[in-house]
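In terms of the numbering used here, the sequence shown opens at residue 113 and continues consecutively.
C-beta: ideal position from N, C-alpha, C; glycine also.
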Amino acid sequence: MKEDRKYITAAKALMQTQKVNWEQCKNGYTTLASVKTKVFQFNNFSIKVQFNPGRMISTSAKVDEQSINDRKCFLCKENLPQEQQSVDYKDDFLILVNPFPIFPEHFTLPSIHHTKQNIENSFFVFLYFCRDLNPDFSVFYNGPKCGASAPDHLHFQAGTKYFMPIDLEYEQLKKKFGEELIKIKSLHVFAIDDGFRKMISFEGNSTPEIEEAFQIFYSSFKKITGQDEEPMMNIIGSYQNKKWRVIIFLRKKHRPDAFFEEDQEKRILLSPAAVDIGGVCITPREKDFETITKEKLKEIFTEVFFDESFFLRFKKKLQSDLELYYYS
Ligand SMILES: [Zn+2]
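The following block contains the structure:
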């Protein structure tokens, strides 16, 4: 049992130390304690909005190739702030305290190598993080084109579990809106559309089984979207009762038009990534926090997700690809 909590204990100790010996980190968590939050209740789920000025840099990060090439990578070990310490995770990842937190405890989990953000070859590490940070944290991934502020450096993040509403609401969303695409050995694959979000989820107790199904999903999604690069997705994962739960959000678009609106009155600085979609929308500007409505949220989510007809088509394709793989 002691071994199981090894990384959690180390991460929590790191958090305590860094809040004391790193000014920027201390300020980040002190500010977080006083951020304003409001909750919008929808029929079967809730969406929180958090006014968090500390997230301005991340929300408005320029992620085009030129901007990325022009800056020093902030996840490479040699460029970390002098005060930043780390915990080694297995052979080639680190656990770092995020000094611009959204969660009461917020970690960044970068590779020690400067290698592109990519889930196809790193999904198994994501599963390991879910297991090793259970039950305290949920782990998440933002694709290079839909939320990662360092698309050039492979990384995941972890945050306090149950802080994102989806952590708790997933079961009821699955019951109400889910369809089981396949059940084989310990593995279940579901497709869920709650009217806001289009999701594919994997549940199971075996890493090779989930990994295998994920690769089938990845290739189906890539084919149907006709992309050469990684199709857009955000992923939230956790581990409980010796079982993984991985929710994949299918994205059509990174930032909504309102983000780029020239008219300051109409502009909304909300750049949806895993946490926002998991039910904690971050607005670094107070004006956006004050004026955002349920309708506006719905509009933004609708804009950045695939539509219903695409999802129906994709569900069918994925189901038939899974059946072909497992039954033929
Ligand atoms: Zn780097």
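Indicate, with yes or no, if ligand 1 has a heavy atom lying under 7 Å from the CB of residue i.
{"i": "D264", "result": "yes"}
{"i": "L187", "result": "yes"}
{"i": "H226", "result": "yes"}
Given a cut-off of 8 Å on the beta-carbon distance, is the pair residue i and residue j in contact?
{"i": "V161", "j": "F275", "result": "no"}
{"i": "P222", "j": "F249", "result": "no"}
{"i": "K429", "j": "E291", "result": "no"}
{"i": "H267", "j": "H226", "result": "no"}
{"i": "F417", "j": "L362", "result": "yes"}
{"i": "F278", "j": "I394", "result": "Note on identity: in this sequence residue 278 is Ile, with Phe being the wrong assignment. Going by C-beta atoms, I278 is not nearer than 8 Å to I394."}
{"i": "C258", "j": "N346", "result": "yes"}
{"i": "D304", "j": "L285", "result": "Sequence check: residue 304 is Ile here, not Asp. Contact flag set, yes."}
{"i": "Q196", "j": "L187", "result": "no"}
{"i": "Y253", "j": "Y119", "result": "no"}
{"i": "L434", "j": "V301", "result": "yes"}
{"i": "R357", "j": "E324", "result": "no"}
{"i": "P263", "j": "V175", "result": "yes"}
{"i": "M212", "j": "S170", "result": "The amino acid occupying residue 212 in the given sequence is Phe; Met does not appear at that position. Cβ atoms of F212 and S170: closer than 8 Å."}
{"i": "F333", "j": "P320", "result": "no"}
{"i": "A123", "j": "F219", "result": "yes"}
{"i": "L382", "j": "D400", "result": "yes"}
{"i": "A270", "j": "Q229", "result": "no"}
Can you tell me which residues form a DSSP beta bridge with residue i?
{"i": "P222", "result": "H267"}
{"i": "F163", "result": "K148, T395"}
{"i": "Q153", "result": "S158"}
{"i": "S421", "result": "Answer is none; S421 lacks a bridge partner."}
{"i": "L362", "result": "M345"}
{"i": "F314", "result": "V301, V358"}
{"i": "E291", "result": "A303"}
Measuring from the CB of residue i, is there a heavy atom of ligand 2 at a distance below 7 Å?
{"i": "I404", "result": "Inclusion of ligand 2 in the displayed structure is not the case, the ligand content consisting of ligand 1 alone."}
Could you tell me whether the segment 161–170 touches the segment 142–151, using the rule of 3 or more Cβ pairs below 8 Å? Enough Cβ pairs lie closer than 8 Å, so yes.
Are there three or more Cβ pairs, one per stretch, closer than 8 Å when the segment 177–193 is compared with the segment 400–420? No, they do not touch.
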